[in-house]
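Chemist: Sharing a structure with you now.
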Amino acid sequence: MGNVLQIRVMARTYDEAEVEKNWPYLVKTAWEEPQPGGRLRGVVELVEDLKDRLELGMIPKEKAEAMAESIRKAYDLKLRMEKALGDWKASEANTISYDLEDELNEAEKIASKRKFR
Numbered sequence: 061m062g063n064v065l066q067i068r069v070m071a072r073t074y075d076e077a078e079v080e081k082n083w084p085y086l087v088k089t090a091w092e093e094p095q096p097g098g099r100l101r102g103v104v105e106l107v108e109d110l111k112d113r114l115e116l117g118m119i120p121k122e123k124a125e126a127m128a129e130s131i132r133k134a135y136d137l138k139l140r141m142e143k144a145l146g147d148w149k150a151s152e153a154n155t156i157s158y159d160l161e162d163e164l165n166e167a168e169k170i171a172s173k174r175k176f177r
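When the count follows the working numbering, it moves up by one through the sequence shown with no breaks and lands on 177 for the last residue.
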């Protein structure tokens with residue numbers, strides 16, 4: 061690492077359209093209002109915004125109760141992935157990324173239930 065140039069290991073969604081394709085009901089839950097232009101809409105942002113909406117009471121009560129555990133697990137996995145990246149443990153972060161996507165799949169199943177649409 062240079063004096064001015066920093067080297068970072070990070071995770072970023074390569075194709076944001078894949079987020080909506082894979083988790084359409086989570087996207088609707090997280091981003092039902094229009095988003096500011098230029099803001100990223102990747103996996104990490106989806107998890108962060110779901111957690112924020114849950115904590116702020118912006119998800120309808122019954123849906124929030126059903127999804128809370130899964131959203132919190134996803135957020136914890138996001139934090140663990142970021143920590144692994146910060147510790148230059150890319151292989152560990154990669155493994156966690158699969159766990160994170162699996163947890164988002166579980167949350168999507170809950171969000172897609174007819175009573176929550």
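We put the beta carbon where it would ideally sit given N, CA and C, even for glycine.
By the DSSP assignment, the alpha helix (DSSP H) with residue 149 in it spans what residues?
Modeler: Locating residue 149 in the sequence shown gives position 89, where the first residue counts as 1. Element bounds for residue 149: n/a, residue is neither H nor E.
Chemist: Put residue 74 into one of helix, strand or coil per three-state DSSP.
Modeler: Reading the sequence shown from its first residue, position 14 is the one you call residue 74. Three-state DSSP puts residue 74 in coil, outside helix and strand.
Chemist: Can you say whether residue 86 is buried or exposed, counting buried as having 16 or more other CB atoms within 10 angstroms of its CB?
Modeler: Locating residue 86 in the sequence shown gives position 26, counting from the first residue. So residue 86 ends up on the buried side.
Chemist: My guess is that residue 91 and residue 164 are in contact by the Cβ rule of under 8 Å, so how many angstroms apart are they, rounded?
Modeler: Taking the first residue of the sequence shown as 1, we reach residue 91 at position 31. Taking the first residue of the sequence shown as 1, we reach residue 164 at position 104. 14 Å between Cβ atoms; not a contact.
Chemist: Mind checking residue 130: buried by the 16 CB within 10 Å criterion, or exposed?
Modeler: Looking up residue 130 in the sequence shown gives position 70. Its Cβ being crowded by 16 or more others within 10 Å, residue 130 is buried.
Chemist: Any idea what DSSP makes of residue 165, helix, strand or coil?
Modeler: Within the sequence shown, residue 165 is the residue found at index 105, counting from 1. Helix, per DSSP.
Chemist: Check for me: the alpha helix (DSSP H) holding residue 84 runs from which residue to which?
Modeler: Locating residue 84 in the sequence shown gives position 24, where the first residue counts as 1. Counting along the chain, the alpha helix (DSSP H) containing residue 84 begins and ends at 84-90.
Chemist: Measure the C-alpha to C-alpha separation of residue 75 and residue 63 and round it to an integer number of angstroms.
Modeler: Translated into the one-based positions of the sequence shown, residue 75 becomes position 15. Translated into the one-based positions of the sequence shown, residue 63 becomes position 3. If I take the Cα positions, the gap works out to 32 Å.
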